[in-house]
Amino acid sequence: MPAIGWIFIILAFGMVLSSLLLLRDSANTMPISPEKLARIKERQAQLEAEEAKEKQAEENRPD
1 MPAIGWIFII
11 LAFGMVLSSL
21 LLLRDSANTM
31 PISPEKLARI
41 KERQAQLEAE
51 EAKEKQAEEN
61 RPD
């Protein structure tokens with residue numbers, strides 16, 4: 001393989017590796033305001049309550 005082919009392969013590998021490292025570094029840096037976090041937790045609790053209610057209704061349904 002000519003030298004230019006090896007250069008392209010090395011560059012492609014380097015770009016993929018650097019993008020993965022960048023993605024890993026920025027994975028947990030999303031700041032969320034406390035009020036938005038409270039709304040998220042409230043909505044999650046609502047959904048869990050609805051799911052529990054539906055599950056209980058399915059268990060009590062006569063077949």
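Letter by letter, the sequence shown follows residues 1 to 63 of the UniProt record's numbering.
For every residue, glycine included, the Cβ atom is placed at its ideal position computed from N, Cα and C.
Per-residue DSSP class, three states only, for residue i
i: A27; result: coil
i: S19; result: helix
i: I32; result: coil
i: R43; result: helix
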